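K.L.:
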Amino acid sequence: MVKNELTCKFGNIDNIIFHYTVIKESDKRLNIIVYCVNIENLPMLKKEKYNGETFIKVNLIQNYIVSYLSDYIQEKDYFFAFRYKRNIYFLLVNSNNLVANRVIKVNKNLNGYTEEFVRFLEDYKEEYNYINKIYTLDMNLLNAELNNFIVVKLKELSNRDFLSYVILKG
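Residue numbers for the sequence shown follow UniProt numbering, so the first one is 1 and each next one is one higher.
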């Protein structure tokens with residue numbers, strides 16, 4: 001069913017790898033979150049690189065970070081912005097599930113990312129208007145349009161601790 005929906009949405013899914021999680025199930029309805037990645041421009045994930053073997057797992061750093069920080073963040077619904085290596089990530093977390101994200105490349109002086117985050121919030125403000133908290137990690141968000149939110153800056157993340165967590169989680 002998920003594969004058919006992805007085919008309808010993207011057409012050819014030969015370069016799409018995906019995973020889904022059931023978040024709510026009833027007699028008449030199934031709510032799922034689908035995580036998918038287009039590997040066309042990611043040569044290290046091309047199928048032919050593995051001599052016909054299949055992937056055990058490809059997980060997004062966004063999922064690991066949400067899981068890792070769940071011990072520190074008490075809310076189940078929030079926005080989150082963080083910088084990791086050369087990217088800035090904007091996340092929407094609902095019921096402790098990553099439901100939306102945007103990734104932007106970091107430029108040398110970090111210009112424009114706050115405005116990009118405001119656009120990200122705009123995309124989801126109607127459906128998630130009850131969320132009033134934004135967590136940040138390794139970055140500052142300064143914008144008058146964020147005055148309606150409580151912005152919480154988390155303590156710095158140890159790359160070593162986070163990498164150990166990712167390895168243990170598999």
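The beta-carbon is built from N, C-alpha and C at its ideal position, and this holds for glycine as well. Keep in mind the model is a prediction, meaning the values are calculated, not measured.
Name the residue from F79, S95, I13 whose alpha carbon lies nearest to the alpha carbon of K153.
P.N.:
Stepping through the sequence shown from its first residue, residue 153 is reached at position 153. Minimum Cα distance to K153 is reached at F79.
K.L.:
Can you tell me whether DSSP reads L163 as helix, strand or coil?
P.N.:
Your numbering for residue 163 matches position 163 in the sequence shown. Looking at L163 - three-state DSSP - the assignment turns out to be helix.
K.L.:
With a threshold of 8 Å, are at least 3 pairs of Cβ atoms found where one atom belongs to the segment 19-33 and the other to the segment 93-101?
P.N.:
yes
K.L.:
Looking at F82 and D138, is the spacing between their C-beta atoms short of 8 Å?
P.N.:
As a working note, residue 138 is residue 138 in the sequence shown. As a working note, residue 82 is residue 82 in the sequence shown. Contact: yes.
K.L.:
Would you list the one or two residues that DSSP bridges to R83?
P.N.:
Translated into positions along the sequence shown, residue 83 becomes position 83. Answer by DSSP bridge pairing, in chain order: I88.
K.L.:
Below 7 Å CB to CB, which residues in the same chain sit around K105 once its five sequence neighbours on both sides are set aside?
P.N.:
As a working note, residue 105 is residue 105 in the sequence shown. Closer than 7 Å at Cβ, skipping near neighbours: R86, N87.
K.L.:
Nearest to Y165 by alpha carbon, out of Y128, K76, Y68?
P.N.:
Position 165 of the sequence shown, counting from 1, holds the residue named residue 165. Comparing Cα positions, the closest option is Y68.
K.L.:
Apart from the five residues on each side of it in sequence, which residues of its chain come closer than 6 Å, Cβ to Cβ, to F149?
P.N.:
Within the sequence shown, numbered from 1, the residue matching residue 149 stands at position 149. So the list reads N132, I134, once near-sequence residues are dropped.
K.L.:
Whose CA, out of I39, I61, G11, lies closest to the CA of I167?
P.N.:
Within the sequence shown, numbered from 1, the residue matching residue 167 stands at position 167. It is I61.
K.L.:
Following the continuous alpha helix (DSSP H) through I65, name the residue where it begins and the one where it ends.
P.N.:
For the purposes of this step, residue 65 is identified with residue 65 of the sequence shown, where counting begins at 1. Note, I65: alpha helix (DSSP H), 61-69.
K.L.:
State the Cα-Cα distance for the pair N147 and N129, rounded to the nearest angstrom.
P.N.:
As a working mapping, residue 147 is identified with position 147 in the sequence shown. As a working mapping, residue 129 is identified with position 129 in the sequence shown. Approximately 14 Å, taken between the alpha carbons.
K.L.:
Under DSSP, the alpha helix (DSSP H) around Y72 begins and ends at which residues?
P.N.:
Your numbering for residue 72 matches position 72 in the sequence shown. Run containing Y72: none; DSSP gives neither H nor E here.
K.L.:
Taking the continuous beta strand (DSSP E) assigned at R119, which residues delimit it?
P.N.:
What you label residue 119 is simply residue 119 of the sequence shown in a count that begins at 1. Counting along the chain, R119 sits inside no beta strand (DSSP E); it lies in the alpha helix (DSSP H) bounded by residues 113-124.
K.L.:
To the nearest angstrom, how far is the alpha carbon of C36 from that of F117?
P.N.:
For the purposes of this step, residue 36 is taken as residue 36 along the sequence shown, with counting starting at 1. For the purposes of this step, residue 117 is taken as residue 117 along the sequence shown, with counting starting at 1. Approximately 22 Å between the Cα atoms of the pair.
K.L.:
Pull up the distance between the alpha-carbon of D14 and that of K3, whole angstroms please.
P.N.:
Here residue 14 refers to the residue found at position 14 when the sequence shown is read from its first residue. Here residue 3 refers to the residue found at position 3 when the sequence shown is read from its first residue. About 11 Å.
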